[in-house]
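Asks: I have a structure here, written as structure tokens, and I will follow up with some questions on it.
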Amino acid sequence: MINPVFFDAAVFASLLVLLSLGLTLTYLTTKVPNFAHASFATLGVYMTLIAVRVWDTNPYIAVPIAFLLSGLVAITLYVFILKPLARRGATEAIQMIATLAFDMILIAGLNIMADYLTEGFRIKSREFTLRSYDLEFMDLPMIVFIAPIAVAAIGITLYFILKKTKFGIAVRASTENPDLSGTVGINVNAVYGVAWMIAGGLAGVAGALMALWFLGDPNLGPLLLPSIFAASIAGGLMSIFGAVAGGLLVGLAEVLGTRFLAGELGSWLIAYRPLIPLIIIAVTLLFVPNGIAGIDWSKLRSKIWRR
5 MINPVFFDAA VFASLLVLLS LGLTLTYLTT KVPNFAHASF ATLGVYMTLI AVRVWDTNPY
65 IAVPIAFLLS GLVAITLYVF ILKPLARRGA TEAIQMIATL AFDMILIAGL NIMADYLTEG
125 FRIKSREFTL RSYDLEFMDL PMIVFIAPIA VAAIGITLYF ILKKTKFGIA VRASTENPDL
185 SGTVGINVNA VYGVAWMIAG GLAGVAGALM ALWFLGDPNL GPLLLPSIFA ASIAGGLMSI
245 FGAVAGGLLV GLAEVLGTRF LAGELGSWLI AYRPLIPLII IAVTLLFVPN GIAGIDWSKL
305 RSKIWRR
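Residues 5 to 311 in the numbering used here are what the sequence shown spells out, letter by letter.
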């Protein structure tokens with residue numbers, strides 16, 4: 005029988021890849037670290053709660069709705085806050101602080117919604133779990149299969165879009181030289197807006213799936229944020245491949261690393277799991293500042309073979 009910890013690791017790492025893909029996409033386009041990104045996922049968590057407890061329907065119905073809802077919230081942040089700030093000459097640091105302020109407003113709204121669900125529908129809307137509402141396949145929760153498959157499908161699709169389509173060419177051109185891109189007819193703001201909507205949508209999908217395995221709460225975002233940033237930073241912040249590798253690295257390290265150390269040194273170590281992504285961020289910035297995507301693997305391989 006497979007140890008359940010491996011299912012935990014697979015699901016968490018898969019969903020963290022989705023979240024880091026979204027954060028990387030927003031940073032790739034606007035160079036603004038989005039502190040509200042994790043709360044976009046919390047919106048997805050509550051869409052699944054509403055689907056199973058209010059609508060009494062299949063939990064996976066919430067996935068496309070969460071994509072649209074979180075995507076709309078993300079594009080709202082870009083269009084009505086970040087773009088006007090950028091036009092007025094605001095630096096990336098100021099825009100980053102604006103995303104933090106937006107996150108506070110979003111968390112407050114999520115808490116209001118949680119209270120409304122409790123008062124209006126008499127359902128538990130804080131520190132809830134929806135595992136019992138998931139479907140089963142081969143005597144296992146469906147999310148164990150859906151999460152890795154969804155990540156693989158979305159990752160391949162996103163890579164194809166960015167590398168093989170006109171939109172992808174526009175994204176890369178707008179990222180490298182927005183002024184020149186504008187002179188050749190590319191609507192840079194529209195490209196950025198679509199990129200932010202996709203990024204927010206990916207976070208919503210991750211949240212909608214996360215609700216079927218992990219504890220849901222309106223304040224989930226700040227707890228997830230260090231792991232998401234660790235995954236993107238470890239991956240290199242500017243690479244889709246790096247986001248995938250970073251998400252897998254951080255996700256597996258958090259779950260498997262914590263369980264291994266707890267088994268060797270004692271269960272008291274589980275409480276210190278949030279330190280793992282912070283350590284990964286520190287180590288990456290100190291020794292591999294460009295992340296996994298910035299490593300010259302051929303050069304590294306040649307050094308190893310010489311030894």
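The C-beta atom is built at its ideal place from N, Cα and C for all residues, glycine as well.
Model, not experiment: these values are computed from the prediction.
Using only CA atoms, which one of Gly93, Ile6, Gly75 and Ile54 lies nearest to Leu27?
Replies: Gly75
Asks: Is it true that the CB of Tyr82 sits closer than 8 Å to the CB of Tyr196?
Replies: yes
Asks: Once DSSP output is grouped into helix, strand and coil, what is the label at Glu140?
Replies: strand
Asks: What do you get for Val188, buried or exposed, if any count of 16 or more other CB atoms within 10 angstroms of its CB means buried?
Replies: exposed
Asks: From which residue to which residue does the alpha helix (DSSP H) around Arg92 run?
Replies: No alpha helix (DSSP H) holds Arg92; DSSP gives it neither H nor E.
Asks: Buried or exposed: where does Met108 fall if 16 or more other Cβ atoms within 10 Å of its Cβ makes it buried?
Replies: exposed
Asks: Compute the distance between the beta-carbons of Arg238 and Thr161, then report whether it is under 8 Å.
Replies: Rather than Arg, the amino acid found at residue 238 in this sequence is Ala. No. Outside cutoff.
Asks: On the DSSP letters alone, give me the boundaries of the alpha helix (DSSP H) that Val248 sits inside.
Replies: Ile244 to Leu256
Asks: Can you tell me which of the three DSSP states Gly189 falls into?
Replies: coil
Asks: Verify whether the separation of the beta carbon atoms of Ser231 and Pro293 is less than 8 Å.
Replies: For Ser231 and Pro293, no; Cβs fall outside 8 Å.
Asks: Since Phe132 sits in a beta bridge, which residues does DSSP pair it with?
Replies: Gly220
Asks: How long is the line joining the alpha carbons of Asp119 and Val67, rounded to whole angstroms?
Replies: If you take the alpha carbons of Asp119 and Val67, they lie about 23 Å apart.
Asks: Just the C-alpha distance for Phe39 and Tyr31, rounded to the nearest angstrom, thanks.
Replies: 11 Å
Asks: Are the Cβ atoms of Ala42 and Gly220 separated by less than 8 Å?
Replies: no
Asks: Tell me the DSSP bridge mates of Pro145?
Replies: Bridge partners of Pro145: Glu140.
Asks: What does a CB cutoff of less than 6 Å around Ile79 pick up in its chain, not counting 5 residues either side in sequence?
Replies: Gly197, Trp200 and Met201
Asks: Where Ala97 and Ser236 are concerned, what is the direct C-alpha to C-alpha distance, given to the nearest angstrom?
Replies: So the two alpha carbons sit approximately 18 Å from each other.
Asks: Report whether the distance from the Cβ of Met108 to the nearest heavy atom of the ligand ADP is below 7 Å.
Replies: The ligand ADP is not part of the structure shown, which contains no ligands of any sort.
Asks: If you draw a straight line from the C-alpha of Ala13 to the C-alpha of Leu256, how long is it?
Replies: 5 Å
Asks: Does the beta-carbon of Met142 have 16 or more other beta-carbons within 10 angstroms, so that it is buried, or is it exposed?
Replies: Counting every other CB atom within 10 Å of its CB across the protein chains shown gives Met142 a total below 16, marking it as exposed.
Asks: Quick check on the burial criterion: 16 or more other C-beta atoms within 10 angstroms. Buried or exposed for Thr169?
Replies: With fewer than 16 Cβ atoms within 10 Å of its Cβ, Thr169 is classed as exposed.
Asks: Along the chain, where does the alpha helix (DSSP H) that runs through Ala177 open and close?
Replies: Lys170 to Glu180
Asks: Could you tell me whether the Cβ atoms of Gln99 and Val36 are closer together than 8 Å?
Replies: Using a Cβ distance threshold of 8 Å, Gln99 and Val36 count as a contacting pair.
Asks: Tell me where the alpha helix (DSSP H) around Val9 begins and ends.
Replies: Pro8 to Thr34
Asks: How big is the Cα-Cα spacing for Lys87 and Thr33?
Replies: 12 Å
Asks: Can you give me the Cβ contacts of Ile111 inside the same chain, cut-off strictly under 7 Å, excluding the 5 residues immediately before and after it?
Replies: If we look at Ile111 and ignore the five residues flanking it on each side, its Cβ neighbours are Ser43, Pro222, Asn223 and Gly225.
Asks: Which same chain residues, not among the five before or five after Val15, have their C-beta less than 7 Å away from its C-beta?
Replies: Ile147, Val148, Ala151 and Trp217
Asks: Suppose the cutoff is 6 Å on Cβ atoms and the five residues either side in sequence are ignored; what does the same chain contact list for Ile122 look like?
Replies: A small correction: the amino acid at residue 122 is Thr; Ile does not occupy that position in the sequence shown. If we look at Thr122 and ignore the five residues flanking it on each side, its Cβ neighbours are Ser129.
Asks: Count the C-beta pairs between the region 202 to 213 and the region 43 to 54 that are closer than 8 Å, then say yes if the count reaches three, no if not.
Replies: The answer is yes - the region 43 to 54 touches the region 202 to 213, with three or more Cβ pairs under 8 Å.
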